[in-house]
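Enquirer: Before anything else, here's the structure in question.
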Amino acid sequence: METNRNVTAAGTQLQGAAGTQKKVRLIRVPFWLGGGKAGTDLGPEYIVKAGLMRKLRAMDIEVEDEIEVDCPVQPLLTGAPARIKYLPEVLEMSGLVGEQVYRAAARDSFPLILGGDHSVAIGSLAGLTAHYENLGVIWFDAHGDLNTEETTPSGNMHGMALAIAIGKSNFKLTDIPGAGSLIKKENIVIIGARELDPGERELIRSEGIACFSMHEIDRLGIAAVIEKALEIAGNGTDGIHVSFDLDCLDPREAAGVGTPVPGGLNYREAHFALELLSESKRVTSMDIVEVNPLLDYDRRTATLAVELATSLLGKRIL
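Per our numbering, residue 2 is the first one in the sequence shown, and the count goes up by one each step.
What follows is the structure, given as structure tokens:
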């Protein structure tokens with residue numbers, strides 16, 4: 002992918018109802034191999050079926066294009082099992098996603114990426130770093146996604162996405178053809194963490210990565226956490242990417258996820274967080290991932306994904 006560094010310091014922004022609406026490019030990524038659990042590949046389809054397009058039209062947001070990435074859907078035959086699962090497939094998916102995300106950003110559209118498991122974000126970040134010189138990342142997740150080849154207990158690459166993005170794993174973001182630079186650890190914020198592996202805890206501490214666990218959210222409140230997150234992710238950056246894993250919510254709110262963890266964000270905390278991010282006018286792209294319809298009840302998690310995406314894109318009660 003070609004790169005374009007001619008972006009303003011504030012990045013491109015989705016305007017509110019009073020301003021000119023920015024175009025959205027919808028990028029569907031039906032990929033499950035990064036998490037190793039079938040069903041997340043159905044997530045993009047079910048999010049759309051839950052009314053995403055109708056809600057965007059009601060907000061007068063133009064969907065410039067709707068793309069479905071033709072990514073691998075079955076494991077390649079590679080012989081003996083590898084320590085890291087499905088690396089060739091994740092690499093192929095990431096290059097394809099990165100190309101589509103870069104094209105959207107280069108056309109001044111807002112890339113809205115529907116996963117798929119959270120390894121989809123590796124591709125999103127590859128494409129965004131080809132366009133933005135300095136990208137900030139706000140990562141909503143029950144997990145750290147900071148495992149490396151040495152620390153991962155499962156070998157699943159959706160748990161390595163942030164380590165790949167900052168260059169702490171052997172496989173790095175810059176190994177993807179066309180990707181730009183690594184993400185600076187100083188501009189990454191994790192929100193909602195409550196299940197961290199030992200290697201992730203060590204990496205967070207040693208690298209000084211901002212991580213607002215549920216303990217900090219309970220203590221500070223979600224408004225203060227988002228204010229701090231914007232300061233960190235927006236410090237010297239020309240764009241902020243929001244990567245939203247539905248397992249950051251409590252399973253009572255979002256049951257249809259592959260790796261649920263009790264004690265997460267509630268409905269209003271999640272909406273308020275995304276409303277505040279929208280009001281900042283600094284968010285330039287979004288992933289919404291890990292919806293697994295096979296584990297859902299009455300499509301509630303897919304419907305919630307639609308509601309959360311539209312909150313980030315400017316929907317308000319009044």
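Ideal Cβ placement from N, Cα and C applies to all residues, glycine included. In this text the structure is predicted, and so the values were computed from the model without any measurement.
Ignore the nearest five residues each way along the sequence and tell me which others in Leu113's own chain have a CB closer than 8 Å to its CB.
Expert: Val25, Arg26, Leu27, Ile28, Ser286, Met287, Ile289, Ala310, Leu314
Enquirer: Could you check where the alpha helix (DSSP H) with Phe245 kicks off and where it finishes?
Expert: It is not in any alpha helix (DSSP H) - Phe245 instead sits in the beta strand (DSSP E) that spans 240-246.
Enquirer: What did DSSP end up calling Arg269 once you bin it into helix, strand or coil?
Expert: helix
Enquirer: What is the DSSP secondary structure of Arg202, counted as helix, strand or coil?
Expert: Helix at Arg202.
Enquirer: Tell me the DSSP bridge mates of Trp140?
Expert: Ile191, Ser244
Enquirer: Considering only C-alpha positions, which residue in the set Asp71, Glu203, His132 is nearest to Thr149?
Expert: Of the residues Asp71, Glu203, His132, the one whose Cα lies closest to the Cα of Thr149 is Glu203.
Enquirer: Going by DSSP, which residues form a beta bridge with Arg29?
Expert: Under DSSP, Arg29 takes part in a beta bridge, and its partners are Glu69, Leu115.
Enquirer: Going along the chain, which residues of its own chain have a beta-carbon closer than 7 Å to the beta-carbon of Gly20, five neighbours each way excluded?
Expert: Residue confidence for Gly20 is low, a pLDDT of 37 falling below 50, so the modelled location carries little weight; the figure read from the coordinates is stated next. Answer for Gly20: no residue qualifies.
Enquirer: Exposed or buried, which one is Asn171 when buried takes at least 16 other CB atoms within 10 Å?
Expert: exposed
Enquirer: Under the rule that 16 or more other beta-carbon atoms within 10 Å means buried, what is Gln101, buried or exposed?
Expert: Counting of Cβ neighbours within 10 angstroms places Gln101 among the buried residues, the total reaching 16 or more.
Enquirer: Should the region 218-225 be regarded as contacting the region 151-167, the criterion being three or more beta carbon pairs within less than 8 Å?
Expert: no
Enquirer: Select from Arg253, Gly237, Pro31 the residue whose C-alpha is nearest the C-alpha of Glu90.
Expert: Pro31
Enquirer: In the DSSP assignment, what residue or residues form a beta bridge with Cys249?
Expert: DSSP, once it has assigned bridges, lists no residue as partnering Cys249.
Enquirer: If you reduce the DSSP assignment to three classes, tell me which class Glu308 lands in.
Expert: helix
Enquirer: Are Tyr103 and Gly209 close, meaning C-beta to C-beta below 8 Å?
Expert: Not closer than 8 Å, so no.
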